[in-house]
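Below: one structure, written as structure tokens.
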Amino acid sequence: MAGADRAGAGRPSGASGGPDGTGETGGRPLLLGVRHHGPGSARAVRAALDAARPGVVLVEGPPEADALIPLAAHEDMRPPVALLAHAVDEPGRSAFWPMAEFSPEWVALRWALEHDVPARFIDLPAAHTLALRAADEEAEAEGQADGRNTEDEPGAASPDVRGDPLAVLAAAAGHDDPERWWEDVIEHRGAGQGGVFAPFTAVEEAMAALRETGADGEEGGAYDRDLVREAHMRLQVRAARREFARGVAVVCGAWHVPALRRKAAVTADRALLKGLPRTKVDMTWVPWTHRRLSRAGGYGAGIESPGWYGHLFAAADRPVERWLTRVAGLLREEDRVVSPAHVIEAARLADALAVLRGRPLPGLSETTDAVRAVLCDGSDVPLALVHDRLVVGDVLGEVPAGAPAVPLQRDLTRTQRRLRLKPEAAERELELDLRKETDAARSRLLHRLRLLGVGWGEPVASRSTGTFRETWRLRWEPELSVRVAEAGVWGTTVLSAATARAEADALTARGLAEVTALAERCLLAELPDALAPVMRILADRAALDTDVGHLAEALPALVRALRYGDVRGTDTGALAEVAAGLAERVFVGLPAACAALDTDAAEEMRRHVDAVHTAVGLLGDAPTPRHGDLRPRWRTVLRTLSARDTVPGVVRGRAVRLLLDDGELAPDEAGRLMGLALSPGTPPADAAAWIEGFVGGGSGGGMLLLHDERLLALIDSWLTGVPADAFTNVLPLLRRTFSAYEPGVRRSLGELVGRGPRARGSVTAAGFGIPGFAAGLDTARADAVLPVVRLLLGRDPAGEDGPTGGGDPAGDDGPAGGDGPAGGDGPAGGDGPAGGDGPAGGDGPAGGDGPAGGDEPARGDDSARDDDLVRDGELARDDDLVRHGELARDDDLVRDGELVRDDDLVGVET
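Everything in the sequence shown is counted per this note's numbering, starting at 101 for the first residue and increasing by one.
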């Protein structure tokens, strides 16, 4: 490679010397070109610093963060972390400089702090970086508005060289995978191979050759930005060399090393920096994650396998064997069978693959292939888990409490600690019981953060249908720190910021539905100071809005909010009045609004009708003093909609269905209305729309057709009579209607239709010909499941309708009652075992012609030995009687759950 300084590349250096004379007064600086987030580079940087012992360490990064460097040595600082810079007047304009434990920059900072050596950042200040980025975004927006493609403009950096220089080097070396090439050359390089400075010299020569053959003479685009950054770095290096006599060490991206080595006039560098835009910025440390290290940040670099790189940096020896052991532990946690023999065989396979592929050590690709073949049995499903949990990982860093932060962030941190709600990178579900104070406070915090745009948690469907439970899916992302900084303009605490944000959103809301949704969120977040102005704005908007669709869209959110009043202790009286008023206005305007609608508008109106029906049902449970119970008036509106020919068929069909479900419409009347809607005089498209409204969607229409053969026969008769030319027009609508049913419902409907009208019976006949389908209830089949139902409900068998009462074995028809085993026709009653014709009576086992008293030795197929009685297949020995698994011994008889001793008899009247 073309490059200088080869003579001193491997020369050992003392405490004040370096390979290029570093450490001597006026000597050349020690330039350590690295790959950001490279564990091999990080180890090499530490070794080089230990050998050179410079007087100052300069690191690529924003100079505004110099005051934050001492926090890197804090005991509570745990990487991965990132430097966050954001504009003071626009916190959303921000940039990150992430660092992991294996990042060369982090290693350099830690080395300097451990050895009491000053450390400084030398990159272009963040004040210029953010201002330049904003200018670029404005220029790009203007270019798109003018129709220009800014990516193809001359002067843009060559993506082959500047965009990914490692890919160019790997291609020159005959490798098609730059990650794999870098692992072989740098990451797998053994300690002491060629001296501590050899890799930096080789990388510097390679980058110098790339810059000479690349776009070094071009201007504009990202390359111009690099020239500006490198000019600022050279100025900082010059200043450090004048200040520190022991020498200067610079840790920066390998691409910049040739530019820093090149001699340039001070005036030229200052000219490049003159006139740059700037903005006021704040800087702090924020937690980062391994998953986010895979993205390009302030360094413009990212890695695909941060978990693997972290393992390579932390494993002192035998990295492959240790990695495979971690993989085995993960798979065992997932209940997969992985033995030590599996790990041994996988390690052997990885070594063999490395030899076959000509690699110095097994890399990630070899270990992955070994894990798939040996530990995962060739399956990619568990391998995906290994990649997600280990190769990438969900490690979340921590920053000390003393790190600079906006007041809102400090209040959020205090609240998180008080509620024991720790931010975590891994996604998890959180179940909250709002009846508990701690869970209620957690719910309020999460709702307030969502209102502020900080999406730490997202509500998901809860397994419980009660309003006192919530389920959240939590996952902390590093970008949320920016969102918190943005929300800091609304207040210094989460409560005050959420209140101010809610009031502002209410004023800027464009529609009534947005205001009602905001009122619901205020109730969930428990913002009483914001709810009052939001309700005033809501009342004003509702009074002026005459669009029935808007009113119907706004009503459900208000009614949902009313459900939280009891469990959260919030006064929702004003909200109930507004909701009832909206409902009244919907009742008045809905019939007229449903006339003359096209297909899309009719479908939207059907959704509004469903939403209003649900809302009115909830409002009816707690009628307001001024409006009373709204349900009777709503049913009148539904009857009006179902009878008007000007209303679209999908709305009329839905109105009939809602009335039928509420029991306000007899099945015969619903059948009559369906018959009218499906009569030959109705256009097929209108009839199909009526069917869609009546049985379409997820409203349970399929089950209705299964259990009401009259309605099914009407649809079947209509469908078979649709003309061929009209059938193709109604088929898409019918397919959409029936495709929403569950597969089992569709299959059962197909079987019923396949039997034909004759098997189903006449439409008007009351008879039934299909097993399981009848006009009435099959009481015998229903009685068979009663014991199981009682057991599931936890009902006492001896209670009402149980063994001692009602119609079960110890009640009127039970063992000690009318017709049970001990009653009228039971074992101890009139015709029972101890009575008239029972086992112990006239013709029973103990009398007359029974097994123990007449000519028959047995009863049924069971033997009655020693005066034992057989009941439900069980033997009652020594004249014992069996009652639900309990024995009544010594000739005791059971009466209403009590034992009657001394051969007392229980009569029919017992």
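Ideal Cβ positions, reconstructed from N, Cα and C, are used throughout, including at glycine.
>> Quick check: the region 790-809 against the region 766-781, are at least 3 beta-carbon pairs closer than 8 Å?
In response: Three or more Cβ pairs closer than 8 Å define a contact, and the region 766-781 meets that threshold against the region 790-809.
> In angstroms, rounded to a whole number, what distance separates the CA positions of residue 141 and residue 606?
Replying inline: Numbered from 1 along the sequence shown, position 41 holds the residue referred to as residue 141. Numbered from 1 along the sequence shown, position 506 holds the residue referred to as residue 606. When rounded, the distance between both Cα atoms is 53 Å.
> Residues in its own chain within less than 6 Å of residue 599 by CB, not counting five upstream and five downstream?
Replying inline: Locating residue 599 in the sequence shown gives position 499, where the first residue counts as 1. Excluding residues within five positions, the ones whose Cβ falls inside 6 Å are 627, 629 and 630.
> If you draw a straight line from the alpha carbon of residue 707 to that of residue 851, how long is it in whole angstroms?
Replying inline: For the purposes of this step, residue 707 is taken as residue 607 along the sequence shown, with counting starting at 1. For the purposes of this step, residue 851 is taken as residue 751 along the sequence shown, with counting starting at 1. The straight-line gap from Cα to Cα measures roughly 31 Å.
> What is the DSSP secondary structure of residue 177, counted as helix, strand or coil?
Replying inline: On the sequence shown, position 77 is the one that residue 177 refers to. Of the three classes helix, strand and coil, the one that applies to residue 177 here is coil, per DSSP.
> Can you name the residues that DSSP bridges to residue 130?
Replying inline: What you label residue 130 is simply residue 30 of the sequence shown in a count that begins at 1. Residue 130 pairs with 349.
> Touch check for the region 428-446 and the region 475-485: three-plus C-beta pairs under 8 Å?
Replying inline: yes
> On the premise that residue 676 lies in contact with residue 662, defined as a C-beta separation below 8 Å, what is that separation, rounded to the nearest angstrom?
Replying inline: Counted from its first residue, the sequence shown places residue 662 at position 562. Counted from its first residue, the sequence shown places residue 676 at position 576. Rounded, the Cβ-Cβ distance is 6 Å, consistent with contact.
> Could you give the residue range of the alpha helix (DSSP H) that holds residue 457?
Replying inline: Residue mapping note: residue 457 aligns to position 357 of the sequence shown, counting from 1. Taken as a continuous stretch (DSSP letters only), residue 457 belongs to no alpha helix (DSSP H), as it is neither H nor E.
> Can you name the start and end residues of the alpha helix (DSSP H) that residue 213 belongs to?
Replying inline: Mapped onto the sequence shown, residue 213 falls at position 113. 204-214 is the extent of the alpha helix (DSSP H) around residue 213.
> Which two residues bound the contiguous alpha helix (DSSP H) that contains residue 731?
Replying inline: Along the sequence shown, read from residue 1 onward, the residue named residue 731 stands at position 631. That run of the alpha helix (DSSP H) goes 731-743.
>> Once the 5 residues before and after residue 124 are set aside, which same chain residues still bring their CB inside 6 Å of it?
In response: Taking the sequence shown and counting its residues from 1, one reaches residue 124 at position 24. Residue placement at residue 124 is flagged as unreliable, the pLDDT there being 39, under the threshold of 50; a coordinate-derived value is accordingly withheld.
>> To test your reading of the DSSP string, which unbroken alpha helix (DSSP H) runs of 4 or more residues are found completely within the region 599-643?
In response: 612-625
> Quick check: the region 348-368 against the region 382-390, are there 3 or more CB pairs under 8 Å?
Replying inline: They do not touch, by the three-pair rule.
> Mind checking whether residue 200 and residue 137 have CB atoms under 7 Å apart?
Replying inline: On the sequence shown, position 100 is the one that residue 200 refers to. On the sequence shown, position 37 is the one that residue 137 refers to. Yes.
>> What does the alpha-carbon distance come out to for the pair residue 265 and residue 196?
In response: Numbered from 1 along the sequence shown, position 165 holds the residue referred to as residue 265. Numbered from 1 along the sequence shown, position 96 holds the residue referred to as residue 196. Each residue's alpha carbon lies about 22 Å from the other.
> In chain order, what residues of the same chain have a beta carbon less than 6 Å from the beta carbon of residue 400, not counting five sequence neighbours either side?
Replying inline: Position 300 of the sequence shown, counted from the start, is the residue given in the question as residue 400. Bear in mind that a pLDDT of 43 at residue 400, under 50, signals an unreliable position, so the model cannot answer this.
> With DSSP run on the structure shown, which of helix, strand or coil describes residue 388?
Replying inline: Taking the sequence shown and counting its residues from 1, one reaches residue 388 at position 288. Coil at residue 388, not helix or strand.
> For residue 764, which option in 738, 785 and 745 has the closest C-alpha, if you only look at C-alpha atoms?
Replying inline: Mapped onto the sequence shown, residue 764 falls at position 664. The residue with the shortest Cα to Cα distance from residue 764 is 738.
> Out of curiosity, what's the CA-to-CA distance linking residue 580 and residue 391?
Replying inline: Reading the sequence shown from its first residue, position 480 is the one you call residue 580. Reading the sequence shown from its first residue, position 291 is the one you call residue 391. For residue 580 and residue 391, the distance between alpha carbons rounds to 14 Å.
> Is there at least one non-hydrogen atom of the ligand GDP closer than 6 Å to the beta-carbon of residue 215?
Replying inline: In terms of ligand content, the structure shown is empty, and the ligand GDP therefore cannot be addressed.
>> For residue 375 and residue 225, what's the separation of their Cα atoms in angstroms?
In response: As a working note, residue 375 is residue 275 in the sequence shown. As a working note, residue 225 is residue 125 in the sequence shown. Residue 375 and residue 225 have their C-alpha atoms spaced approximately 14 Å apart.
> In three-state terms, what does DSSP make of residue 266?
Replying inline: Residue mapping note: residue 266 aligns to position 166 of the sequence shown, counting from 1. The answer is helix: DSSP assigns residue 266 an H, G or I state.
> Near residue 655, what residues of its chain come up, given a Cβ to Cβ distance below 8 Å and the 5 sequence neighbours on each side ignored?
Replying inline: Numbered from 1 along the sequence shown, position 555 holds the residue referred to as residue 655. Once the five neighbours on either side are set aside, the close Cβ partners of residue 655 are 616, 679, 682, 683, 686, 711, 712 and 715.
> Skipping 5 residues on each side, what residues in its chain have a beta carbon closer than 7 Å to that of residue 428?
Replying inline: Position 328 of the sequence shown, counted from the first residue, corresponds to residue 428. So the qualifying residues of the chain are 438, 442, 443 and 475.
>> Does residue 563 come out as helix, strand or coil in the three-state DSSP assignment?
In response: If you number the sequence shown from 1, residue 563 lands on position 463. Looking at residue 563 - three-state DSSP - the assignment turns out to be coil, as it is neither helix nor strand.
> Assuming residue 130 and residue 347 make a contact with CB atoms under 8 Å, what is their CB distance in whole Å?
Replying inline: The residue labelled residue 130 in the question sits at position 30 within the sequence shown. The residue labelled residue 347 in the question sits at position 247 within the sequence shown. Contact check for residue 130 and residue 347: beta-carbon distance about 7 Å, within the 8 Å limit, so the pair qualifies.
>> Please state the DSSP three-state secondary structure of residue 198.
In response: Position 98 of the sequence shown, counted from the start, is the residue given in the question as residue 198. Strand.
> From residue 371 to residue 380, what distance separates their C-alpha atoms?
Replying inline: In the sequence shown, counting from the first residue as 1, residue 371 sits at position 271. In the sequence shown, counting from the first residue as 1, residue 380 sits at position 280. Each residue's Cα considered, the two are about 22 Å apart.
> Under the rule that 16 or more other beta-carbon atoms within 10 Å means buried, what is residue 640, buried or exposed?
Replying inline: As a working note, residue 640 is residue 540 in the sequence shown. It counts as exposed.
> Where in the region 513-547 do unbroken runs of the beta strand (DSSP E), each at least 3 residues long, occur, reported from the N-terminal end onward?
Replying inline: 528-533
> Nearest chain E C-beta to residue 206 closer than 7 Å, yes or no?
Replying inline: Structure shown: chain E not included; a single protein chain is present.
> Any idea if residue 117 is buried or exposed, counting beta-carbon neighbours within 10 angstroms, 16 or more meaning buried?
Replying inline: As a first step, residue 117 is located in the sequence shown; it is residue number 17 there, counting from the start. Legend: pLDDT at residue 117 = 40, less than 50; position of this residue unreliable, value from coordinates given subsequently. Buried: at least 16 other Cβ atoms inside 10 Å.
>> Looking at residue 77: is its Cβ nearer than 7 Å to the Cβ of residue 412?
In response: Past the boundaries of the shown model lies residue 77; the chain is included only from 101 to 1010, so the question cannot be answered.
>> Could you check whether residue 468 and residue 423 sit closer than 7 Å to each other, using their CB atoms as the reference points?
In response: By one-based count along the sequence shown, residue 423 stands at place 323. By one-based count along the sequence shown, residue 468 stands at place 368. Taking 7 Å as the Cβ cut-off, residue 423 and residue 468 do not qualify as a contacting pair.
>> Which residue wins for smallest C-alpha separation from residue 502, given the options 895, 752, 690 and 170?
In response: Along the sequence shown, one-based indexing puts residue 502 at 402. Ranked by Cα distance from residue 502, the first of 895, 752, 690 and 170 is 170.
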